[in-house]
Amino acid sequence: MTEPESIPAGRFSVWLQRIIAALRGGKAMDVPCRSCSACCESAYFIQIHPGERRTLEVIPGELLFPAPGLPSGHVVLGFDEKGRCPMFGPQGCSIYSRRPRTCRVYDCRIFAATGIPAGADKQLVGERAQRWQFDFTTPEDTGMYSAVRNAARFLEERAGLLPRGFVPVNTTQRAMLALSLHDVFYQEDAGGRSLEETAAAVIEAATVCRQAGAASVGE
Ligand code: SF4
Ligand code: SF4
12 MTEPESIPAG RFSVWLQRII AALRGGKAMD VPCRSCSACC ESAYFIQIHP
62 GERRTLEVIP GELLFPAPGL PSGHVVLGFD EKGRCPMFGP QGCSIYSRRP
112 RTCRVYDCRI FAATGIPAGA DKQLVGERAQ RWQFDFTTPE DTGMYSAVRN
162 AARFLEERAG LLPRGFVPVN TTQRAMLALS LHDVFYQEDA GGRSLEETAA
212 AVIEAATVCR QAGAASVGE
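Each residue of the sequence shown is one higher than the one before, counting from 12 in my numbering.
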């Protein structure tokens, strides 16, 4: 059996800085998807912020549902019985220029970076994620990669040191959290901390990131 072709994912540290900026409200990610459309066909609920008016204008209201656990006005776009987004058509996304911000910042390289599996119900995304090949040109690339992997491992193995519900069950959210925590594990003194001190640093960093993300959403 031939191995699937690997796809260049870019320099790790450059990619990481871009996706962190995107998650905090910066520019959309420019993913070299080629002909892939796996994430539009993988049973994702797409969250849409009430401030995304240009997006909400082009999605029929009957396709939107209140987002569980979020304030009034936040909605989600669901999927059909095949797991396909209802805005996905024969030519791809039918509202591409006005697609939700969730879609603009989605990047399946998060699974390759963190080592977190995309999930049993996200097989196509998982297969694609396995093909990404990051470029590790400098010590910064390898250092940041190791920090991201350690953050993901800490979330998996030390969830008991963190508040209940802190580690998302949703694999995309968990991978994004691990990325946003890389600083905690990149610092030179990270190795000298106790597990409890690391947990406190993780909680503090996540709180800052969530506030930054919440403040940046909308149009
Ligand atoms: S699964 Fe990844 S490569 Fe495929 S369309 Fe989505 S972001 Fe692009
Ligand atoms: S809105 Fe467009 S980009 Fe987003 S999941 Fe649906 S088809 Fe894909």
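Ideal placement from N, C-alpha and C gives every residue a C-beta, glycine not left out.
Residue i burial status per 10 Å Cβ neighbour count (16 or more: buried)
i    : result
F76  : exposed
G229 : Low confidence applies here, because G229 scores a pLDDT of 36, under 50, leaving its location unreliable; read the following figure in that light. Burial call: exposed.
K38  : exposed
V213 : buried
T149 : exposed
T182 : buried
L67  : buried
D118 : buried
A123 : buried
V178 : buried
Y55  : buried
L206 : exposed
L27  : buried
V69  : exposed
Q45  : With the sequence shown as reference, residue 45 is identified as Arg, and Gln is not the correct amino acid for it. It is exposed - the Cβ of R45 has fewer than 16 other Cβ atoms within 10 Å.
R221 : exposed
R175 : exposed
Of the listed residues the options, nearest to residue i (C-alpha basis)
i    : options                   : result
G89  : C50, T125, Q134 and F147  : C50
R115 : A124, C104, A78 and I214  : C104
G62  : P111, F177, G154 and T209 : P111
G72  : C44, D194, E168 and H85   : H85
H60  : E52, S46 and P82          : P82
P79  : R64, I57 and F99          : I57
V159 : D91, Q198 and Q141        : Q198
S24  : I106, P128, G126 and M155 : M155
R95  : E208, S108 and V136       : V136
A210 : V180, M187, Q184 and A162 : A162
I18  : A32, I30, D194 and P43    : P43
V219 : R204, E208 and D194       : D194
E168 : I127, Q144 and E151       : I127
A33  : Q141, R204 and L190       : L190
T113 : R204, I30 and E208        : I30
K93  : L192, P174 and E52        : E52
A131 : G21, G203, L74 and V180   : V180
R65  : Y107, A140, P174 and F165 : Y107
S157 : A20, T125 and P97         : T125
E138 : D146, R22, A129 and F145  : A129
L188 : S48, M98, E16 and I121    : I121
E208 : R185, D152 and L172       : L172
R164 : E151, W143, T153 and A186 : A186
G21  : R35, R204 and D152        : D152
Q102 : W143, S48 and D41         : S48
Bounding residues of the alpha helix (DSSP H) (the contiguous stretch that carries residue i)
i    : result
Q58  : Q58 -> not in any alpha helix (DSSP H); beta strand (DSSP E) instead, spanning I57 to I59.
L81  : L81 -> no alpha helix (DSSP H), and no H or E assigned at all.
I136 : According to the sequence provided, residue 136 is Val. The question's Ile does not apply to it. Start and end: Q134 to A140.
R65  : R64 to L67
Where the beta strand (DSSP E) containing residue i begins and where it ends
i   : result
A20 : I18 to R22
L74 : Where L74 is concerned, there is no enclosing beta strand (DSSP E), given that its DSSP letter is neither H nor E.
V86 : V86 to L88
* **4 or more residues per run - each alpha helix (DSSP H) lying fully within the region 172-208** => Within the region 172-208, the complete alpha helix (DSSP H) runs of at least 4 residues are 182-191 and 193-197.
* Counting only runs that start and end within the region 95-154, where is the beta strand (DSSP E) found for 3 or more residues in a row? -> Counting only runs of 3 or more residues that sit fully inside the region 95-154, the beta strand (DSSP E) segments are 143-146, in chain order.
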